[in-house]
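Under mature numbering (1 follows the signal peptide of the UniProt record, and there is no 0), the residues of the sequence shown are numbered -23 to -1, 1 to 59, in order.
Just so it is clear, CB atoms sit at the ideal spot from N, CA and C, and this is done for glycine as well.
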Amino acid sequence: NAKALAKVFRARMLAALSAAALALPKRAPSQWVAHCKAVGHGDKALLYLGRYLYRGVIREADILACRNGQVTFRYREGSSGA
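(1) Would you list the residues sitting across from Cys43 in a DSSP beta bridge?
(2) Are Arg(-14) and Trp9 touching if we call contact CB-CB under 9 Å?
(3) Which same chain residues end up closer than 7 Å to Leu(-7) when comparing Cβ atoms and leaving out the 5 residues on each side of it in sequence?
(4) What first and last residue would you give for the alpha helix (DSSP H) that runs through Ser(-6)?
(5) Report all residues from its chain with a CB closer than 6 Å to the CB of Ala22; omit the five preceding and five following residues, and keep chain order.
(6) Can you give me the Cβ contacts of Gly27 inside the same chain, cut-off strictly under 8 Å, excluding the 5 residues immediately before and after it?
(7) For the putative contact between Leu41 and Arg51, defined by C-beta atoms under 8 Å, what is the C-beta separation to the nearest angstrom?
(8) Assuming Lys3 is part of the alpha helix (DSSP H), what are its boundary residues?
Right under this line is the structure:
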């Protein structure tokens, strides 16, 4: 259900902003819209979703090595426990 997803996403986003001592602008809408759509499975789904990503999950500067099919990267432990 897209309405339920929008409510949960908004609540989690606001909690994360609050934890980081940030806030949305006062004029931001109180209701959010979420669009849910099945995109398939496997490689085709990844290709479809990849077009909509702004940037990767891991910054290129955090990739330390990529050899023989193994990737070594640096990360920072989050305080959320997730």
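Reading off the structure:
(1) Cys43 pairs with Val48.
(2) Their beta carbons are under 9 Å apart, which means Arg(-14) touches Trp9 by this criterion.
(3) In its chain, beyond the 5 residues on either side, Ala(-1) and Leu1 have a beta carbon closer than 7 Å to the beta carbon of Leu(-7).
(4) For Ser(-6), the uninterrupted alpha helix (DSSP H) run begins and ends at Ala(-22) to Ala(-5), by DSSP.
(5) Cβ within range, chain order: Val16.
(6) Residues of the same chain with a CB within less than 8 Å of the CB of Gly27, apart from the 5 flanking positions on each side, do not exist.
(7) Contact flag correct, Cβ pair sits at about 6 Å.
(8) Counting along the chain, Lys3 falls outside any alpha helix (DSSP H), and DSSP gives it neither H nor E.
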